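Enquirer:
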Amino acid sequence: MTRAFQETALAADIAAGLARVGTLFDSQLSSVFPAVNELCRYVERYRGKMLRPTLVLVSGLAFTDDGEPLRAEHDIVAATVEMIHMATLVHDDVLDEAAVRRRGETVNFLRGNETAVMLGDYLISNAFHLCSRAGNPALNLRLGEVTNTLCEGELVQLSRRHDLTLDEHTYFEILRRKTAVLVGASCELGTMLANGSAAEVAAMRAFGEHLGIAFQIQDDLLDLLGDEATVGKSIGRDLEKGKLTLPMILHIAGSSGSLRVAAMDAIEAKDGASLRRVLARSGSIDAAREKAISIVEEAKALLPATKRAHSRELLLELADRVVARNH
Ligand code: FPP
Ligand code: MG
313 MTRAFQETAL
323 AADIAAGLAR
333 VGTLFDSQLS
343 SVFPAVNELC
353 RYVERYRGKM
363 LRPTLVLVSG
373 LAFTDDGEPL
383 RAEHDIVAAT
393 VEMIHMATLV
403 HDDVLDEAAV
413 RRRGETVNFL
423 RGNETAVMLG
433 DYLISNAFHL
443 CSRAGNPALN
453 LRLGEVTNTL
463 CEGELVQLSR
473 RHDLTLDEHT
483 YFEILRRKTA
493 VLVGASCELG
503 TMLANGSAAE
513 VAAMRAFGEH
523 LGIAFQIQDD
533 LLDLLGDEAT
543 VGKSIGRDLE
553 KGKLTLPMIL
563 HIAGSSGSLR
573 VAAMDAIEAK
583 DGASLRRVLA
593 RSGSIDAARE
603 KAISIVEEAK
613 ALLPATKRAH
623 SRELLLELAD
633 RVVARNH
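Residue numbers (the numbering used here): 313 to 639.
Following this line, the structure appears as structure tokens:
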């Protein structure tokens, strides 16, 4: 089999898988009430890169023999992780008072916080209902752990808002919880359902968690440096909401005198332009970017050998894309 054909076959497998996941997702959310369906159709617009379901499917294929199909549970888990992710985004936009996501208005902006909170609840409830349909309690147990951890991450973040003493260790703990555990579980469960060994499952989970952390550092950089038209969502929310991110933390820890005070003043005044200037001068923005890149390199080094070489190549490519993105 030629390399080009294998690549095409793998891409086709994943595209077909994502199409099945989309159908499952839509049918799970279907309600007898048009008002509910209208909201769900609207929020499906939030589906973008489909990173998490893609990771479930590619991790599954990576540990499945050539020519063997994925299991039905792979599709269920892939749709479930995307639904969990979407629920968190709907709630996150309420917390961040964000008006724009995926180049369109957020649910909270269009319909208010009450509707957005209830829609997020509807999505999270449906995610666990859908997962239960797999009839495998281990999946519900693991994803329940993940959503508990995710909420803990958000709660710790809320408790440390406007706190200029937030250190790097705590920042990474927040990132691991609010973002990385779901990405890690996507790789872990995809591998587990393909009967990967305990060592392979653990390695894939670590790979995904590293990816998730790097993804969130890049997300935080885009929030600080990007413009709304390119990023496609409300930016500057971290500064507005008093969330310290890696360049700010590195700067406060690594500088002294007027440079340090200037950054702290800009954070307190929510002055993005001054903050960007001072962080660039100290090299903290570059340092945060380099940290994200080095975490992606660590992720790639963690990737175990797979049954299909091209799934591994795709996972390596997905890893690089996490930091090489401007939206
Ligand atoms: C994105 O942060 C936010 C998350 C990754 C997690 C949000 C989680 C919650 C709000 C808890 C809700 C939990 C459940 C189970 C429904 P961000 O604001 O940095 O990202 P953004 O730039 O995409 O807005
Ligand atoms: Mg947000």
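Beta carbons: idealized from backbone N, C-alpha and C, even for Gly.
Model, not experiment: these values are computed from the prediction.
#1: Give every residue of the same chain whose Cβ lies closer than 8 angstroms to the Cβ of Leu-296, excluding the five residues on either side of it in the sequence, and list them in chain order.
#2: Just to confirm the assignment, what range does the alpha helix (DSSP H) spanning Asp-531 have?
#3: By DSSP, does Arg-332 sit in helix, in strand, or in coil?
#4: Thinking just about the alpha-carbon of each residue, which of Glu-409, Phe-440, Gly-465 and Glu-466 is nearest to the one in Arg-454?
#5: Just to confirm, does Glu-466 get its C-beta within under 7 angstroms of one of the non-hydrogen atoms of the ligand FPP?
#6: CA-CA distance, Asn-452 and Leu-462?
#7: Going by C-alpha to C-alpha distance, which of Ala-391, Glu-602, Ser-509 and Phe-527 sits closest to Val-493?
#8: Relative to the alpha-carbon of Tyr-358, which residue among Ser-623, Leu-534, Leu-435 and Gly-424 has its alpha-carbon at the smallest distance?
#9: Among the candidates Glu-609, Cys-499, Asp-577 and Gly-548, whose CA atom is the shortest distance from the CA of Leu-363?
#10: Nearest CA to the CA of Thr-376: which residue from Asn-638, Ala-617 and His-639?
#11: Entirely within the region 441-494 and at least 3 residues each: give me those beta strand (DSSP E) ranges in chain order.
#12: Is Val-412 helix, strand or coil when you go by DSSP?
#13: Report the rounded CA-to-CA distance for Val-368 versus Asn-349, giving the unit in angstroms.
#14: Which residue's Cα is closest to the Cα of Ser-546: Leu-401, Leu-373, Met-430 and Glu-380?
#15: Starting from Asp-577, trace the alpha helix (DSSP H) both ways and give me its first and last residue.
#16: Measuring only the C-alpha atoms, how far is Lys-619 from Gly-595?
#17: Can you tell which of Ala-565, Arg-473, Ile-388 and Glu-417 has the C-alpha that lies nearest to the C-alpha of Ser-339?
#18: Between the C-alpha atoms of Ala-578 and Asp-535, what's the straight-line distance to the nearest angstrom?
#19: If you run the structure through DSSP and keep just helix, strand and coil, what is Leu-627?
#20: Using only the heavy atoms of the ligand MN, determine whether one of them is closer than 7 angstroms to the beta carbon of Leu-455.
#21: Rounded C-beta distance between Leu-627 and Arg-593? I'm assuming under 8 angstroms.
#22: Among the candidates Ile-564, Glu-610, Lys-612 and Leu-382, whose CA atom is the shortest distance from the CA of Ala-328?
#23: So what's Glu-380 in DSSP terms, helix, strand or just coil?
#24: Which residue from Thr-427, Asn-638, Asp-408 and Ala-411 puts its Cα closest to that of Thr-542?
#25: Start and end of the alpha helix (DSSP H) containing Gly-372?
#26: What is the C-beta distance between Asp-532 and Leu-558, in whole angstroms, given that I count them as a contact (C-beta under 8 angstroms)?
#27: Pull up the CB-CB distance for Ala-631 and Val-608, whole angstroms please, since I reckon it's below 8 angstroms.
#28: Strictly by DSSP, which residues pair up with Glu-610?
#29: Within 10 angstroms of the Cβ of Val-424, are there 16 or more other Cβ atoms? Answer buried if so, exposed if not.
#30: Just grab the DSSP bridge partners of Glu-417 for me.
#31: On the CB-based measure, 16 or more other CB atoms within 10 Å of its CB, does Ser-371 come out buried or exposed?
#32: DSSP three-state label for Asn-507, please.
#33: Under DSSP, the alpha helix (DSSP H) around Asn-349 begins and ends at which residues?
#34: Spatial neighbours of Ala-316 within its chain, please: CB distance less than 7 angstroms, with the 5 preceding and 5 following residues excluded, ordered by chain position.
Expert: This is what the structure gives:
#1: Since the first residue shown for the chain is 313 and the last is 639, residue 296 is missing from the structure and cannot be characterised.
#2: As a position in the sequence shown, residue 531 is number 219, starting the count at 1. First-last of the alpha helix (DSSP H) with Asp-531: 510-537.
#3: In the sequence shown, the residue the question calls residue 332 occupies position 20. Reduced to three states, the DSSP call for Arg-332 is helix.
#4: Numbered from 1 along the sequence shown, position 142 holds the residue referred to as residue 454. Minimum Cα distance to Arg-454 is reached at Phe-440.
#5: Counted from its first residue, the sequence shown places residue 466 at position 154. Answer for Glu-466: yes, Cβ within range of the ligand FPP.
#6: Within the sequence shown, the letter at position 140 stands for residue 452. Within the sequence shown, the letter at position 150 stands for residue 462. Each residue's alpha carbon lies about 15 angstroms from the other.
#7: Position 181 of the sequence shown, counted from the first residue, corresponds to residue 493. Considering only alpha carbons, the answer is Phe-527.
#8: As a position in the sequence shown, residue 358 is number 46, starting the count at 1. The option with the nearest alpha carbon to Tyr-358 is Leu-435.
#9: As a position in the sequence shown, residue 363 is number 51, starting the count at 1. Checked all of Glu-609, Cys-499, Asp-577 and Gly-548; the closest Cα to Leu-363 is Cys-499.
#10: Taking the sequence shown and counting its residues from 1, one reaches residue 376 at position 64. If we check each option's Cα against that of Thr-376, Ala-617 comes out closest.
#11: none
#12: Here residue 412 refers to the residue found at position 100 when the sequence shown is read from its first residue. Val-412 falls in the strand class under three-state DSSP.
#13: Indexing the sequence shown from 1 puts residue 368 at position 56. Indexing the sequence shown from 1 puts residue 349 at position 37. Computed Cα separation, rounded: 26 angstroms.
#14: As a first step, residue 546 is located in the sequence shown; it is residue number 234 there, counting from the start. Looking at the Cα atoms, Leu-401 is the closest of the given residues.
#15: Taking the first residue of the sequence shown as position 1, residue 577 is located at position 265. Per DSSP, Asp-577 belongs to the alpha helix (DSSP H) from 569-581.
#16: For the purposes of this step, residue 619 is taken as residue 307 along the sequence shown, with counting starting at 1. For the purposes of this step, residue 595 is taken as residue 283 along the sequence shown, with counting starting at 1. Between Lys-619 and Gly-595, the C-alpha separation is close to 42 angstroms.
#17: On the sequence shown, position 27 is the one that residue 339 refers to. Per the Cα distances, Ile-388.
#18: Against the sequence shown, residue 578 aligns to sequence position 266. Against the sequence shown, residue 535 aligns to sequence position 223. Spanning the two alpha carbons is a distance of roughly 16 angstroms.
#19: Position 315 of the sequence shown holds residue 627. Leu-627 falls in the helix class under three-state DSSP.
#20: With respect to the ligand MN, the structure offers nothing, as its ligand set consists of the ligand FPP and the ligand MG.
#21: On the sequence shown, position 315 is the one that residue 627 refers to. On the sequence shown, position 281 is the one that residue 593 refers to. Not confirmed; about 37 angstroms, so no contact.
#22: Taking the first residue of the sequence shown as position 1, residue 328 is located at position 16. Checking every option, the nearest Cα to that of Ala-328 belongs to Leu-382.
#23: What you label residue 380 is simply residue 68 of the sequence shown in a count that begins at 1. Coil at Glu-380, not helix or strand.
#24: In the sequence shown, counting from the first residue as 1, residue 542 sits at position 230. For Thr-542, the nearest C-alpha among the options comes from Asn-638.
#25: As a working note, residue 372 is residue 60 in the sequence shown. Where Gly-372 is concerned, the enclosing alpha helix (DSSP H) stretches over 363-374.
#26: Counted from its first residue, the sequence shown places residue 532 at position 220. Counted from its first residue, the sequence shown places residue 558 at position 246. So it is a contact: roughly 6 angstroms between Cβ atoms.
#27: Position 319 of the sequence shown, counted from the start, is the residue given in the question as residue 631. Position 296 of the sequence shown, counted from the start, is the residue given in the question as residue 608. Between Val-608 and Ala-631 the Cβ distance is about 5 angstroms, and since that is below 8 angstroms, they are a contact.
#28: Counting from 1 along the sequence shown, the entry for residue 610 is found at position 298. Its beta-bridge partners do not exist; DSSP assigns none.
#29: Numbered from 1 along the sequence shown, position 112 holds the residue referred to as residue 424. It is Gly, not Val, that sits at residue 424 in the sequence shown. It is exposed - the Cβ of Gly-424 has fewer than 16 other Cβ atoms within 10 Å.
#30: For this step, residue 417 is matched to residue 105 along the sequence shown. According to DSSP, Glu-417 bridges with Val-412.
#31: Here residue 371 refers to the residue found at position 59 of the sequence shown. Looking at its Cβ environment, which holds 16 or more other Cβ atoms inside 10 Å, Ser-371 is buried.
#32: Counted from its first residue, the sequence shown places residue 507 at position 195. Three-state DSSP puts Asn-507 in coil, outside helix and strand.
#33: As a first step, residue 349 must be located in the sequence shown, where it is residue number 37. Note, Asn-349: alpha helix (DSSP H), 346-355.
#34: The sequence position of residue 316 within the sequence shown is 4, counting from 1. Bear in mind that a pLDDT of 45 at Ala-316, under 50, signals an unreliable position, so the number given afterwards is only what the model happens to contain. Nothing meets the Cβ criterion.
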